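**Q**
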Amino acid sequence: MDEQTASQPQSPYPRLRLDFYHTAVLMSQWLDDGRVKTYPVSVHDVVSACTHIELSSGLLPPETLFWKRQGNQDKLAIYVPARRWQVQTESSTYHLPMPPFVFVGYGMSYQIFAVKRRPDRGSDALYNAPCPNVFGHGGICQGNTPFPACSIQSVHQALNLFLEGSLFNSHLSQSKCQSYPEDVRRLWEVLHGRRRFPLSELVPAQMTLGKLL
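Heads up: the sequence shown is residues 2 to 214, going by the working numbering.
#1: State the start and end residues of the unbroken beta strand (DSSP E) segment that holds Leu127.
#2: Using a Cβ-Cβ cutoff of less than 7 Å, which residues in the same chain neighbour Gly59 once the five nearest sequence positions on both sides are dropped?
#3: Could you check whether the Cβ of Phe104 sits closer than 8 Å to any Cβ belonging to chain D?
#4: Taking 8 Å as the threshold (C-beta atoms), are Val103 and Pro82 in contact?
#5: Of all the options Ser29, Ser49, Asp125, Pro62, which has the alpha carbon lying nearest to the alpha carbon of Leu210?
#6: Have a look at Ser180 and Gly108 and give me their C-alpha separation to the nearest angstrom.
#7: Is the separation between the beta-carbon of Pro15 and that of Leu27 shorter than 8 Å?
#8: Could you say which of His45, Phe114, Thr24, Asn129 lies nearest to Ser176 if we only look at CA atoms?
#9: Quick check on DSSP: helix, strand or coil for Gly211?
#10: Below 8 Å on the Cβ atoms is my guess for Leu127 versus Val135; work out the distance and round it to an integer in Å.
#11: Give me the residue from Gln71, Leu61, Arg118, Val44 with the minimum Cα distance to Pro199.
#12: Inspect the beta-carbon positions of Leu17 and Leu97 and report whether they are closer than 8 Å.
#13: If you drop the 5 nearest sequence neighbours on each side, which residues of the same chain put their C-beta closer than 7 Å to that of Glu183?
#14: Within 10 angstroms of the Cβ of Gln207, are there 16 or more other Cβ atoms? Answer buried if so, exposed if not.
#15: Can you tell me where the beta strand (DSSP E) with Phe67 in it begins and where it stops?
#16: From Thr39, Gln89, Leu173, pick the residue whose C-alpha is nearest to that of Asp20; which is it?
#17: Quick one: what does DSSP say Gln175 is sitting in, helix, strand or coil?
#18: Just checking my contact of Cys142 with Asp75 at CB under 8 Å: how many whole Å lie between their CB atoms?
#19: Could you please give me the residues that DSSP links to Ile79 through a beta bridge?
#20: Cα separation between Glu91 and Cys178?
#21: Which value, in whole angstroms, describes the spacing of the CA atoms of Gln112 and Pro205?
#22: In the DSSP assignment, what residue or residues form a beta bridge with Leu27?
The following block contains the structure:
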């Protein structure tokens, strides 16, 4: 925008508007002199014009499972391979093996689920993440952790903030593993320093990748 255009007062009216009625589609155009021209248009022309609107995600993060754009917010799911993480509770620091995860962000909200392998179809089962501070539907209780809005650039930052930048407590620590259903942090004590997470400990989340989509 040049300085001359920027200095001009902005019209409070839209430039163009489509009104859809049961029997017709009317297009209204606001002219520079304030007049409004309204005339019918073919619904087929509207559909044809919309099919040429391009939508691109740009470069996606590694291991992206799906990406959506709803309104002005990204919905993004990534696959996180099994690895060891440094996690903290109110009294201890653990070096834990964790199972693979599916990590999902939408706006300021995030979900996390465990999986036994990289999911590649909608029917693949998801499991409760073996972590406190996660609701039954996978939603993360963020507490005071400063999570960023989900985007292609920030989703891995949010994942690291949850697993290594959070202070886990007893909240929502139940039903997250088979051996210690009352508190998954007891399993953390057992697994501290080990190399692999035992997948037999995972608890089904009654959720599939397809439902998550």
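Just so you know, even glycine gets a beta-carbon here, dropped at the ideal spot from N, CA and C. No experiment lies behind these values; they were computed from the predicted model shown.
**A** Reading off the structure:
#1: 126-129
#2: Ile153
#3: Here there is only one protein chain, and chain D is not present.
#4: no
#5: Asp125
#6: 35 Å
#7: no
#8: Asn129
#9: helix
#10: Not quite, the Cβ-Cβ distance comes to about 12 Å (not below 8 Å), so this is no contact.
#11: Arg118
#12: no
#13: Gln175
#14: exposed
#15: 65-71
#16: Thr39
#17: coil
#18: That belief does not hold up - the Cβ atoms of Cys142 and Asp75 are roughly 22 Å apart, past 8 Å.
#19: Thr65, Phe104
#20: 20 Å
#21: 15 Å
#22: Asp20, Pro41
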